[in-house]
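Asks: Chains as they are written, first to last, in the working numbering: chain A, 144 to 444; chain B, 5 to 295.
Using N, Cα and C, we set each Cβ at its ideal position, and we do this for glycine too.
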Amino acid sequence: MVTGKRKFNGVPYLFILPHLIFFIVFVGYPFFNGLYISFFNYDYLRPQATTFVGLQNYLDLFRPGSVKYYEFWNSMRVTLVFVVSSVPFLILIPLGLATLLNTKLPGTHVFRAIYFAPWVLSCAVISLIWWWIFQSQGGLLNYYLGALGLPTPRWLSTMPYAMITIVVATVWWTMGYNMIIFLAAMQDIPADLYEAGRVDGANAWQRFIYITLPLLRPVLVLIIITTIIASFNLLGQPMMMTRGDPRLPNGGGATEPVMLRIFIEGFVRPYQGSAAAMSVIVALIMMAFSLVNFRLFRHQE
Amino acid sequence: MTPPAMPIRHSEARYRLRRIVGRVALYALMICIALIVIIPLLWMLSTSFKLKSQLFSREIYWIPKVITLENYTKILNNPSTPITLWFRNSVIVATLTTVAKLVLDSLAGYGYARLEFAGRKQLFGLLLATLFLPGVMFLVPNFVTVARLGMLNKFSGAIVPALASVFGVYFMRQFFLSIPKELEEAAAIDGANTFQIFFQVVLPLAKPALATLAVIEFLGSWNDFLWALLVLKDRAVQTLQPGLRTLQGAYTSEYGLMMAGAVIVALPVLLLYAFLQRYVVESVATTGLKG
Chain A
144 MVTGKRKFNG VPYLFILPHL IFFIVFVGYP FFNGLYISFF NYDYLRPQAT TFVGLQNYLD
204 LFRPGSVKYY EFWNSMRVTL VFVVSSVPFL ILIPLGLATL LNTKLPGTHV FRAIYFAPWV
264 LSCAVISLIW WWIFQSQGGL LNYYLGALGL PTPRWLSTMP YAMITIVVAT VWWTMGYNMI
324 IFLAAMQDIP ADLYEAGRVD GANAWQRFIY ITLPLLRPVL VLIIITTIIA SFNLLGQPMM
384 MTRGDPRLPN GGGATEPVML RIFIEGFVRP YQGSAAAMSV IVALIMMAFS LVNFRLFRHQ
444 E
Chain B
5 MTPPAMPIRH SEARYRLRRI VGRVALYALM ICIALIVIIP LLWMLSTSFK LKSQLFSREI
65 YWIPKVITLE NYTKILNNPS TPITLWFRNS VIVATLTTVA KLVLDSLAGY GYARLEFAGR
125 KQLFGLLLAT LFLPGVMFLV PNFVTVARLG MLNKFSGAIV PALASVFGVY FMRQFFLSIP
185 KELEEAAAID GANTFQIFFQ VVLPLAKPAL ATLAVIEFLG SWNDFLWALL VLKDRAVQTL
245 QPGLRTLQGA YTSEYGLMMA GAVIVALPVL LLYAFLQRYV VESVATTGLK G
């Protein structure tokens, strides 16, 4: 393997080049081209009409009072609301499920497989299912709520219910993923630690608080970061369940996250330059967030 | 010594009873959660076999009064929502993407794991760094590239950009690093060249890793929604996921039809999962932990 120290050996490049070519065209080049496009008034259907506008696409997003400003920052607010209201459930429920399954009881692997199952479905499938469950007419949920004499709100078209439907669908869909990671980390904790805890008279709750949680911390931090980023990318569920509705008086929708806004701006409307500028801002925020967390996390280690 | 034995036996029985009660409670809880997970899927299935007239009745029937296949025959034969064609398209796109990725990523993974060339460390570091970049920044520029290359509304538009992904390269590299070097060294002493070593010694060992990667990549490609929605717009080239959105728009309040569509899209994945459950779950456990 130590050949080619003196003379040039092309063979290794034959191994990496096929992938590298695609990487350069679809990761390396767009890294810069996205920024470049954001300085233009660009519509892919009419490339001849492209005009250089400098920072205009960005200025539009920071000029209070304009529709674009309102729509964009509203979608950022909606994204934040979704992150804040979904992430706690996406951490605590999987943590609870993993704890429940982290026993030697027979049959737990069957439950593990069932709890994880929704994750293999596509966003379109789960959105369609929950959209139907939450329907006011014929919907499963309101049928049972009505039968129990409880209020039956118009889930998909009024607030805060529309946001709740998206959170519920998302939690049901993805909780199994974090559960599996928690479970794998829990199973790495040596059993004699629990044995020692038991000998010292710690009950199940105390063992969880004083043994499981501290040892789970690195994984916990990692999962919180990845879950926040995943929630930031919300798109398909509101697209198919609420269409971003209910509409807001100044434009934009109460369940229209920033990814849906970028989709509308660049692919429903013909403003790809503006959509590229929005993407740059969102990407910067996400990168800053990851970096800060990474630093904090590393510092504490 | 008989009298003190009594209370011990008594407390032992109580301890056992508590254990049994605790276990029953645990199983009851696990079953309840399993029901919450399964009920929406059963509701999808149940709705897909119902006539429209049964959807909005006063009573809800989990098992339809009249079990009908009408929804399935209807969506399978409606030319404006060609779901069989979409199914075929999805199979083509997901299969080609998976196969191409396995080839590219195992080659590159081996290159970065074992072969020596100038700038290997830096290049791989660069590749890894891009894993942390948010996908949103590639959306518009990659769409523009695909449009310029004339790949809009062609399967290549969905397949080719996906091949740039770094995850599989990283995954295969980690695997190649984990196998002992001695086998390759022995083959090299026997006079095998790099390609022979890779194809005849290393790849046969990599079957489990390749299978895991294949499952992950196939699932990812099959379930891809946003990119397929952007680049495969014509109904003739659409795949199933954006197809479901077309279906949703095409039939107002025909939930039976839509759920039949959802069943057709979900079933292959659920079957795959049922058979390869171990692979899927363990791949998430290992790749998820490493980030």
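Measuring straight from C-alpha to C-alpha, what distance separates Ala241 (chain A) and Ile257 (chain A)?
Replies: Within the first sequence, numbered from 1, the residue matching residue 241 (chain A) stands at position 98. Within the first sequence, numbered from 1, the residue matching residue 257 (chain A) stands at position 114. Between Ala241 (chain A) and Ile257 (chain A), the C-alpha separation is close to 13 Å.
Asks: Under 8 Å Cβ to Cβ from Tyr277 (chain B), same chain only, skipping five residues before and after it: list those, please.
Replies: Within the second sequence, numbered from 1, the residue matching residue 277 (chain B) stands at position 273. For Tyr277 (chain B), where only same-chain residues beyond five positions count, the Cβ hits under 8 Å are Val284.
Asks: Measure the CB-CB distance between Ala267 (chain A) and Met383 (chain A) and report whether it falls below 8 Å.
Replies: In the first sequence, residue 267 (chain A) corresponds to position 124, counting from 1. In the first sequence, residue 383 (chain A) corresponds to position 240, counting from 1. Yes, these two residues count as a Cβ contact at 8 Å.
Asks: In the region 216-303 of chain A, which residue ranges form an unbroken alpha helix (DSSP H) of at least 4 residues, counting only runs that do not cross its ends?
Replies: Runs found: 251-259, 266-276 and 283-290.
Asks: For Gly396 (chain A), list the residues DSSP reports as bridge partners.
Replies: Mapped onto the first sequence, residue 396 (chain A) falls at position 253. The partner list for Gly396 (chain A) (beta bridge, DSSP) reads A:Arg390.
Asks: Could you list which residues in chain B have their beta carbon closer than 9 Å to that of Gln280 (chain A), in chain order?
Replies: The sequence position of residue 280 (chain A) within the first sequence is 137, counting from 1. Here the neighbours are Leu59, Phe60 and Ser257.
Asks: Tell me which residues share the same chain as Leu336 (chain A) and place their Cβ nearer than 6 Å to its Cβ, disregarding the 5 neighbours each side in the sequence.
Replies: Here the question's residue 336 (chain A) lines up with position 193 in the first sequence. Only Ile354 meet the Cβ criterion.
Asks: Helix, strand or coil for Asn75 (chain B), going by three-state DSSP, please let me know.
Replies: Indexing the second sequence from 1 puts residue 75 (chain B) at position 71. It is helical.
Asks: Measuring CB to CB, does Ser270 (chain A) end up less than 8 Å from Gly379 (chain A)?
Replies: Here the question's residue 270 (chain A) lines up with position 127 in the first sequence. Here the question's residue 379 (chain A) lines up with position 236 in the first sequence. It is a contact, given that the beta carbons lie within the stated cut-off.
Asks: At what residues does the alpha helix (DSSP H) containing Glu188 (chain B) begin and finish?
Replies: The count along the second sequence starts at 1 and reaches residue 188 (chain B) at position 184. Element bounds for Glu188 (chain B): Glu186 to Ile193.
Asks: Who are the neighbours of Arg341 (chain A) on chain B, taking C-beta pairs under 9 Å?
Replies: Along the first sequence, one-based indexing puts residue 341 (chain A) at 198. Within 9 Å Cβ-Cβ: nothing; Arg341 (chain A) doesn't reach chain B, min ~14 Å.
Asks: Between the alpha carbons of Ser287 (chain B) and Phe203 (chain B), how many angstroms are there, rounded?
Replies: Position 283 of the second sequence, counting from 1, holds the residue named residue 287 (chain B). Position 199 of the second sequence, counting from 1, holds the residue named residue 203 (chain B). So the alpha carbons of these two residues sit roughly 24 Å apart.
Asks: Within 8 Å (strictly less), CB to CB, does Ile42 (chain B) reach chain A?
Replies: One-based indexing of the second sequence puts residue 42 (chain B) at position 38. Cβ-Cβ to chain A under 8 Å: yes for Ile42 (chain B).
Asks: Going along the chain, which residues of its own chain have a beta-carbon closer than 8 Å to the beta-carbon of Pro298 (chain B), five neighbours each way excluded?
Replies: Only positions 5 to 295 of chain B appear in the structure, and residue 298 (chain B) is not among them; the question remains open.
Asks: Would you list, in chain order, the members of the region 426-437 of chain A that have their beta-carbon closer than 8 Å to a beta-carbon of chain B?
Replies: So the close ones are Ala426, Met429, Met430 and Ser433.
Asks: Of all the residues that make up the region 275-286 of chain B, which are near chain A by a beta-carbon distance shorter than 7 Å?
Replies: Flagged, chain order: Tyr277, Gln281, Val284 and Val285.
Asks: State the DSSP-derived secondary structure class of Asn376 (chain A), mapped to helix, strand or coil.
Replies: Indexing the first sequence from 1 puts residue 376 (chain A) at position 233. Residue state, collapsed to three classes: coil.
Asks: Mapping the DSSP letters down to three states, classify Phe205 (chain A) as helix, strand or coil.
Replies: As a working mapping, residue 205 (chain A) is identified with position 62 in the first sequence. In the structure shown, Phe205 (chain A) sits in coil (DSSP, three-state: anything other than H, G, I, E or B).
Asks: Could you name the residues of chain A that Ala167 (chain B) contacts, counting a contact when the two beta carbons are closer than 8 Å?
Replies: Here residue 167 (chain B) corresponds to residue number 163 of the second sequence, with the count starting at 1. Reading off the sequence shown, one finds Leu at residue 167 (chain B), where the question assumed Ala. Those within 8 Å of Leu167 (chain B) in chain A are His162, Phe165 and Phe169.
Asks: According to a CB-to-CB cut-off of less than 9 Å, which residues of the region 132-149 of chain B neighbour chain A?
Replies: Per Cβ criterion, the list reads Thr134, Phe136, Leu137, Pro138, Gly139, Val140, Met141, Phe142, Leu143, Val144, Pro145, Asn146, Phe147, Val148 and Thr149.
Asks: Whether or not the region 46-59 of chain B and the region 192-208 of chain B are in contact is what I'm after, with contact meaning three or more pairs of Cβ atoms, one per stretch, closer than 8 Å; do they touch?
Replies: The region 192-208 of chain B vs the region 46-59 of chain B: no contact.
Asks: Between which two residues does the alpha helix (DSSP H) carrying Pro155 (chain A) extend?
Replies: As a first step, residue 155 (chain A) must be located in the first sequence, where it is residue number 12. From DSSP, the alpha helix (DSSP H) with Pro155 (chain A) extends over Val154 to Phe166.
Asks: Going along the chain, which residues of its own chain have a beta-carbon closer than 7 Å to the beta-carbon of Pro389 (chain A), five neighbours each way excluded?
Replies: As a position in the first sequence, residue 389 (chain A) is number 246, starting the count at 1. Closer than 7 Å at Cβ, skipping near neighbours: Ser300, Thr301, Met302, Ala305, Gly396 and Ala397.
Asks: Considering Cα atoms alone, identify which of A:Ala419, A:Phe205, A:Leu178 and A:Phe254 is closest to Gln281 (chain B).
Replies: Position 277 of the second sequence, counted from the first residue, corresponds to residue 281 (chain B). Residue A:Phe254 is the option with its Cα nearest to Gln281 (chain B).
Asks: Can you confirm whether Gln346 (chain A), when its beta carbon is compared against all beta carbons of chain B, has any partner nearer than 8 Å?
Replies: Within the first sequence, the letter at position 203 stands for residue 346 (chain A). The displayed chain sequence assigns Asn, not Gln, to residue 346 (chain A). Cβ-Cβ to chain B under 8 Å: no for Asn346 (chain A).
Asks: Does the Cβ of Phe437 (chain A) have 16 or more other Cβ atoms within 10 Å, making it buried, or fewer, making it exposed?
Replies: Here residue 437 (chain A) is taken as the residue at index 294 of the first sequence, counted from 1. Result: exposed.
Asks: Assuming Val445 (chain A) contacts Phe182 (chain A) under a Cβ cut-off of 8 Å, what Cβ separation, rounded to an integer in Å, is found between them?
Replies: Residue 445 (chain A) falls outside the range modelled here, since chain A spans only 144 to 444, and no answer is possible.
Asks: According to DSSP, simplified to helix, strand and coil, what is Ser433 (chain A)?
Replies: Working through the first sequence from its first residue, we reach residue 433 (chain A) at position 290. Three-state result, Ser433 (chain A): helix.
Asks: Using a C-beta to C-beta distance shorter than 7 Å, which residues of chain B count as neighbours of Leu378 (chain A)?
Replies: In the first sequence, the residue the question calls residue 378 (chain A) occupies position 235. Chain B residues near Leu378 (chain A): Leu230.
Asks: What does the alpha-carbon distance come out to for the pair Ile167 (chain A) and Gln126 (chain B)?
Replies: What you label residue 167 (chain A) is simply residue 24 of the first sequence in a count that begins at 1. What you label residue 126 (chain B) is simply residue 122 of the second sequence in a count that begins at 1. Those two C-alpha atoms are separated by around 15 Å.
Asks: Would you say Ile64 (chain B) and Ala264 (chain B) are within 8 Å of each other, going by their C-beta atoms?
Replies: Translated into positions along the second sequence, residue 64 (chain B) becomes position 60. Translated into positions along the second sequence, residue 264 (chain B) becomes position 260. Contact flag unset, no.
Asks: Report the option in A:Ile234, A:Glu399 and A:Pro155 whose CA atom is closest to the CA atom of Ile368 (chain A).
Replies: Locating residue 368 (chain A) in the first sequence gives position 225, counting from the first residue. Taking only the C-alpha atoms, the option nearest Ile368 (chain A) is A:Ile234.
Asks: Taking all protein chains shown into account, decide if Gly387 (chain A) is buried (16 or more other Cβ within 10 angstroms of its Cβ) or exposed.
Replies: By one-based count along the first sequence, residue 387 (chain A) stands at place 244. Burial call: buried.
Asks: Please name the residues in the region 397-416 of chain A whose beta-carbon is closer than 7 Å to at least one beta-carbon of chain B, in chain order.
Replies: Listed in sequence order: Met402, Ile405, Gly409, Phe410 and Gln415.
Asks: Tell me where the alpha helix (DSSP H) around Phe214 (chain B) begins and ends.
Replies: Position 210 of the second sequence, counted from the first residue, corresponds to residue 214 (chain B). First, the amino acid is wrong: residue 214 (chain B) is Leu here, not Phe. Per DSSP, Leu214 (chain B) belongs to the alpha helix (DSSP H) from Lys211 to Asn227.
Asks: Just to confirm before moving on: does the CB-CB distance between Pro457 (chain A) and Met322 (chain A) stay below 8 Å?
Replies: Because chain A is modelled from 144 through 444, residue 457 (chain A) falls outside the range shown and cannot be assessed.
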